[in-house]
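Peer 1: Residue numbers (the working numbering), protein chains in the order written: chain C, 585 to 702; chain X, 11 to 123. Where a beta carbon is used, it is the ideal one built from N, C-alpha and C, also for glycine. All of these numbers come straight from a predicted model, not from anything done at the bench. Quick one: structure below, then a few questions.
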Amino acid sequence: GAVVSQHPSWVICKSGTSVKIECRSLDFQATTMFWYRQFPKQSLMLMATSNEGSKATYEQGVEKDKFLINHASLTLSTLTVTSAHPEDSSFYICSASSSGTGVYDEQYFGPGTRLTVT
Amino acid sequence: AQSVTQLDSHVSVSEGTPVLLRCNYSSSYSPSLFWYVQHPNKGLQLLLKYTSAATLVKGINGFEAEFKKSETSFHLTKPSAHMSDAAEYFCVVSDIDDYKLSFGAGTTVTVRA
Chain C
585 GAVVSQHPSW VICKSGTSVK IECRSLDFQA TTMFWYRQFP KQSLMLMATS NEGSKATYEQ
645 GVEKDKFLIN HASLTLSTLT VTSAHPEDSS FYICSASSSG TGVYDEQYFG PGTRLTVT
Chain X
11 AQSVTQLDSH VSVSEGTPVL LRCNYSSSYS PSLFWYVQHP NKGLQLLLKY TSAATLVKGI
71 NGFEAEFKKS ETSFHLTKPS AHMSDAAEYF CVVSDIDDYK LSFGAGTTVT VRA
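Written out as structure tokens, the structure is:
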């Protein structure tokens, strides 16, 4: 149980275009989803936290107008990278938690999406 | 705010020998601590977690970790390394009142035949 999927697994886009990444919890309801970014051979950095039906909370230094997050249902969150540039190329990972109160519960991670902006 | 320090960026062991990955944490409250493994091009997999129960935590694939509050450490061990253990390992901390996870920089494990 507790499977999280991401789509696509990899994407190449041209500079200036937007790309949407989906994160789905397949067998549980995810009241909270998290988006991370991982540069090559580096650790994961939390970008934002989203709760179903409310606006995402972004970490300091993350541009909310560039990285649009929508958590429209209990099983789906999307991250849209708008006007992508080569420096946005990275590995984006989502995780999902079934906690509804913000108190820690285990996070289940998706397999990640590799974005390359040319 | 919580943080973790993984003391080794790279660990190389021979197959069949013990593995030790060191992690020290900093936390204002009672922390929850985790070890995750990431194989190339794969998602993160939880190896084990400590959440204020037994200080010696057993995980999957023969791994275990011991929570030592006096040393603020949560080192990961395995008595006998297997080739399939070659991967990136992350020590992670979460405070009891903060659902955010803070990741260490990671330790790359290579296993020699």
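DSSP state of C/S577, grouped into three classes?
Peer 2: As shown, chain C starts at 585 and ends at 702. That puts residue 577 of chain C outside it, with no answer to give.
Peer 1: Out of X/S42, X/E25 and X/T27, which one is the CA nearest neighbour of X/V103?
Peer 2: Cα-wise, what sits closest to X/V103 is X/S42.
Peer 1: For a contact meaning CB atoms closer than 7 Å, what does C/G696 contact in chain X?
Peer 2: Residues of chain X passing the Cβ test: G53.
Peer 1: Got a sec, what are the start and stop residues for the beta strand (DSSP E) X/H85 sits in?
Peer 2: Start and end: S83 to K88.
Peer 1: Tell me the DSSP bridge mates of X/P41?
Peer 2: Answer is X/D105, bridged to X/P41.
Peer 1: Going along the chain, which residues of the stretch 593 to 615 of chain C sit with their C-beta nearer than 8 Å to a C-beta in chain X?
Peer 2: Flagged: no residues at all.
Peer 1: Here's a check: name, in chain order, each residue in its chain whose Cβ is nearer than 7 Å to the Cβ of C/W594, leaving out the five neighbours to either side.
Peer 2: The answer, listed in chain order, is T697 and R698.
Peer 1: Is X/S36 helix, strand or coil when you go by DSSP?
Peer 2: Of the three classes helix, strand and coil, the one that applies to X/S36 here is strand, per DSSP.
Peer 1: Please report whether the beta-carbon of C/F623 lies at a distance below 8 Å from any beta-carbon of chain X.
Peer 2: So no, C/F623 is outside the interface.
Peer 1: For a test of the three-state rule: what should DSSP assign to X/E74, helix, strand or coil?
Peer 2: Here X/E74 sits in strand by DSSP.
Peer 1: Counting only Cβ pairs nearer than 7 Å, list the residues of chain X close to C/F693.
Peer 2: Near C/F693 (Cβ distances below 7 Å), the residues of chain X are G53 and L54.
Peer 1: What number of angstroms, rounded off, separates the C-alpha of X/L30 from the C-alpha of X/V47?
Peer 2: Each residue's Cα considered, the two are about 14 Å apart.
Peer 1: C/S589 and C/R608: beta carbons closer than 8 Å?
Peer 2: Yes, the pair counts as a contact, with Cβ atoms nearer than the cut-off.
Peer 1: Determine, for C/L628, whether the minimum Cβ-Cβ distance to residues of chain X falls below 8 Å.
Peer 2: Yes, its Cβ sits closer than 8 Å to a Cβ of chain X.
Peer 1: For a test of the three-state rule: what should DSSP assign to C/S634, helix, strand or coil?
Peer 2: Looking at C/S634 - three-state DSSP - the assignment turns out to be strand.
Peer 1: Cα-Cα, which of C/N635, C/T633 and C/T664 is closest to C/P592?
Peer 2: Ranking C/N635, C/T633 and C/T664 by Cα distance to C/P592 puts C/T664 first.
Peer 1: Tell me, please, whether the CB atom of C/S673 is closer than 8 Å to any CB atom in chain X?
Peer 2: Output row for C/S673: interface = no.
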